[in-house]
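See structure below.
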Amino acid sequence: MAIVKRVVLDVLKPHQPDALEFACELADLGSEYQVDLLVKEVDDKTQTIELTISADNIKFEVIANHIKIMGGAIHSIDEVAVLSSKPSEAEQHS
Amino acid sequence: MAIVKRVVLDVLKPHQPDALEFACELADLGSEYQVDLLVKEVDDKTQTIELTISADNIKFEVIANHIKIMGGAIHSIDEVAVLSSKPSEAEQHS
Amino acid sequence: MAIVKRVVLDVLKPHQPDALEFACELADLGSEYQVDLLVKEVDDKTQTIELTISADNIKFEVIANHIKIMGGAIHSIDEVAVLSSKPSEAEQHS
Amino acid sequence: MAIVKRVVLDVLKPHQPDALEFACELADLGSEYQVDLLVKEVDDKTQTIELTISADNIKFEVIANHIKIMGGAIHSIDEVAVLSSKPSEAEQHS
Amino acid sequence: MAIVKRVVLDVLKPHQPDALEFACELADLGSEYQVDLLVKEVDDKTQTIELTISADNIKFEVIANHIKIMGGAIHSIDEVAVLSSKPSEAEQHS
Amino acid sequence: MAIVKRVVLDVLKPHQPDALEFACELADLGSEYQVDLLVKEVDDKTQTIELTISADNIKFEVIANHIKIMGGAIHSIDEVAVLSSKPSEAEQHS
Amino acid sequence: MAIVKRVVLDVLKPHQPDALEFACELADLGSEYQVDLLVKEVDDKTQTIELTISADNIKFEVIANHIKIMGGAIHSIDEVAVLSSKPSEAEQHS
């Protein structure tokens with residue numbers, strides 16, 4: 001399976017855990033995960049956030065699962081950057 | 101035939117496979133393919149996505165074919181960057 | 201817990217301490233803290249400011265607490281950049 | 301005659317050959333030609349494209365001729381970057 | 401006290417001293433001060449200017465005082481960039 | 501006389517010579533002249549173009565004259581970048 | 601007196617001397633002066649130009665005087681960048 005380098009998610013979350021805690025919990029799901037969180041809309045009981053997760057190799061299932069555990073819902077996957085997991089031709093012949 | 105370095109496609113796809121899976125499958129069609137996928141519109145049963153595929157040498161036929169297999173339709177080729185496959189003059193005379 | 205690299209806060213503060221003093225007090229809460237303060241709105245008794253705090257490792261609790269001591273209120277956490285505190289896989293196996 | 305480094309053309313083309321094939325054919329007209337093609341408008345039987353051709357030394361006649369052979373028409377030359385073919389003064393006196 | 405690296409001030413000044421003299425006088429208040437002055441509005445007797453002062457270590461009191469001496473009034477501090485004066489942890493333990 | 505490094509001209513030209521030929525002829529007026537030509541408006545018998553000529557030392561008279569010979573008219577000089585022809589102080593004392 | 605590095609002036613000038621000559625004359629007032637001139641408005645008998653003069657050390661009086669000699673009038677000083685003429689602290693103690 002191709003390697004996921006960046007995912008941009010539109011997520012609806014409750015006010016608690018707050019934006020900082022939410023981002024920290026996700027970052028700690030993998031090694032060298034970088035999480036950028038931008039609050040886009042604040043409603044009575046929810047916040048709409050844009051989550052950008054970057055890493056060398058993102059385990060998306062684990063991320064999606066933990067968002068659900070924290071009471072969040074992935075509205076949409078807005079952007080994806082992936083790289084082929086096939087070795088380059090140079091490496092194939094070496 | 102000239103070497104294809106980048107293609108930007110406007111594609112209509114069903115919700116399944118989702119954006120992440122869609123991009124991963126395409127990336128694994130060649131070595132060192134990079135696939136950037138941007139969801140531009142979400143309708144009831146479909147998503148309009150912008151697909152940017154970059155690589156040293158893109159096999160477009162294979163890409164186009166696999167998009168069809170996953171239920172997608174290429175609306176338009178929006179951008180293309182290609183390079184001559186002719187050797188440079190320096191190389192021709194060496 | 202993940203490491204906090206940058207926080208962007210929307211803060212309501214009284215006119216005193218002024219923007220400069222406010223920023224300086226926050227910067228001195230940790231070593232190598234960089235504080236950028238932008239005044240966005242000025243009202244009769246208050247100012248709405250955008251605070252961007254960057255450092256290698258931000259202690260958010262300490263920041264939040266000191267803002268309160270100076271009479272300010274965090275309206276919202278607008279942006280967060282955090283990094284996993286997990287060692288990289290290379291480091292785990294060494 | 302001065303050396304042509306970049307030409308931006310507004311071209312009307314039939315749907316066939318498609319954008320990718322159109323660009324590839326042009327790129328192969330010279331060595332190290334780079335062709336960027338952007339589809340700007342799609343009509344019933346035609347596409348309006350913006351063609352940017354860059355190279356160390358573009359043979360414009362050849363390009364113009366091949367566009368015609370593929371059924372296209374150059375609407376306008378929108379941009380041109382050329383360089384004097386005169387040797388620099390330093391080179392003239394050496 | 402934290403070190404002030406940049407201050408952006410909204411200042412109302414009389415036409416005399418003119419923008420150039422005004423900036424020069426401020427720059428000479430410290431070593432290596434850089435002063436950028438932008439005239440934003442010109443009224444009958446006054447000019448509204450945006451002053452950006454950058455240096456390794458700005459003495460704000462001295463700046464504020466001299467603006468007053470030249471007949472100007474600081475409308476607002478619009479931006480502040482400061483750095484912690486605490487030594488980094490590496491330096492603390494050395 | 502100061503050295504002219506760049507001139508941006510608004511020029512009205514007939515359709516013939518076309519944009520490419522027009523630019524090439526100007527480029528060949530001096531050594532290492534770079535000419536960028538942008539077609540801004542196309543009318544019945546004329547084109548309005550923006551000509552940017554860059555070189556180490558542009559002979560403007562020669563350019564202006566040749567534009568006239570090709571049937572063009574300089575509407576306006578829109579931008580000029582020149583450099584003092586005085587030697588730097590360091591060079592004056594050496 | 602602080603060192604003037606850049607001045608942006610709004611100047612009203614007659615059509616003669618033209619933009620090119622106007623800029624060249626100013627550039628030759630000092631060594632290594634760079635003059636960028638942008639024509640912003642053209643009226644019946646005058647042009648409004650934006651003059652940006654950059655150098656290591658601009659003698660503003662000389663510039664202002666010569667603009668007057670050529671029939672121009674400085675409408676406003678729009679931007680100024682100056683640097684303290686005080687030696688840095690490191691240099692003071694050496």
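Chains as they are written, first to last, in the numbering used here: chain A, 1 to 94; chain B, 101 to 194; chain C, 201 to 294; chain D, 301 to 394; chain E, 401 to 494; chain F, 501 to 594; chain G, 601 to 694. Yeah, the Cβ is synthetic: ideal placement off N, Cα and C, and Gly gets one too. All values derive from a computational prediction rather than experimental measurement.
Counting along the chain, the unbroken alpha helix (DSSP H) around residue 367 of chain D starts and ends at 360-369.
The Cβ atoms of residue 482 of chain E and residue 224 of chain C lie closer than 9 Å to each other. For residue 79 of chain A, the nearest beta carbon of chain C is not closer than 9 Å to its own beta carbon. A Cβ-Cβ separation of about 11 Å leaves residue 353 of chain D out of contact with residue 311 of chain D under the 8 Å criterion. Cβ proximity to chain A below 7 Å picks out 118, 119, 120, 123, 124, 127, 128, 130, 131, 132, 133, 134, 135, 136, 137, 138, 139 and 142 from the segment 115-149 of chain B. Within the segment 317-350 of chain D, the beta strand (DSSP E) runs of at least 3 residues that lie entirely inside it are, in chain order, 334-342. Under a 10 Å Cβ-count criterion, residue 528 of chain F is classified as buried, with 16 or more other Cβ atoms of the shown protein chains found around its own Cβ. Under the three-state reduction of DSSP output, residue 275 of chain C falls in the strand class. Exclusion of the five residues before and after residue 250 of chain C leaves 208, 210, 238 and 240 as the residues of its chain whose Cβ lies within less than 7 Å of its Cβ. Short of 8 Å from the beta carbon of residue 580 of chain F, and not among the five residues preceding or following it, lie these beta carbons of its own chain, in chain order: 504, 506, 507 and 508.
Straight-line spacing of the CA atoms in residue 430 of chain E and residue 456 of chain E works out to 10 Å. Here residue 277 of chain C really is in contact with residue 18 of chain A; their C-beta atoms are around 6 Å apart, less than 8 Å. Chain D has no Cβ within less than 9 Å of the Cβ of residue 155 of chain B. By the 16-neighbour rule on beta-carbons within 10 angstroms, residue 245 of chain C is exposed.
Excluding the 5 residues flanking it on each side, residue 32 of chain A has same chain C-beta neighbours closer than 8 Å at 55 and 56, in chain order. Checking the DSSP bridge columns, you'll see residue 110 of chain B partnered with B:150 and B:176. Any Cβ of chain G closer than 9 Å to the Cβ of residue 512 of chain F would place that residue at the interface, and such an atom is absent. Chain order gives the chain D residues near residue 186 of chain B as 327, 328, 329, 330, 331, 332 and 333, where near means a beta carbon separation below 9 Å. Apart from sequence neighbours up to five positions away, the residues of its chain that approach residue 262 of chain C with a beta-carbon distance below 8 Å are 229 and 230, ordered along the chain. Shown here for residue 175 of chain B: same chain residues with a beta carbon closer than 7 Å to its own, the five before and five after excluded, namely 110, 111 and 112 in chain order. Within its own chain, the residues whose Cβ lies closer than 8 Å to the Cβ of residue 522 of chain F, once the five positions on either side in sequence are excluded, are 513, 537, 549, 570 and 572, listed in chain order. Among the CB atoms of chain A, one or more fall inside 9 Å of the CB of residue 283 of chain C. Think of a sphere of 8 Å around the beta carbon of residue 207 of chain C: the chain A residues whose beta carbon falls inside it are 20, in chain order. Rounded to the nearest angstrom, the gap between the Cα atoms of residue 247 of chain C and residue 43 of chain A is 23 Å. In the structure shown, residue 555 of chain F falls within a coil segment according to DSSP collapsed to helix, strand and coil. The Cβ of residue 204 of chain C sits closer than 9 Å to at least one Cβ of chain A. Remark: C-beta atoms of residue 516 of chain F and residue 384 of chain D do not approach each other more closely than 9 Å. Spanning the alpha carbons of residue 126 of chain B and residue 186 of chain B requires a straight line of approximately 28 Å. Residues 504 and 507 of the same chain have their beta carbon placed closer than 7 Å to that of residue 560 of chain F, with the five preceding and five following residues left out of the count. Residue pairing of residue 381 of chain D in beta bridges, as defined by DSSP: D:306 and F:536.
Take residue 201 of chain C, set aside five residues on each side of it, and the residues of its chain with a beta-carbon closer than 8 Å to its own are 285, in chain order.
Under the Cβ criterion of 9 Å, residue 201 of chain C is counted among the residues facing chain A. Annotation: residue 364 of chain D to residue 520 of chain F spans about 12 Å, alpha carbon to alpha carbon.
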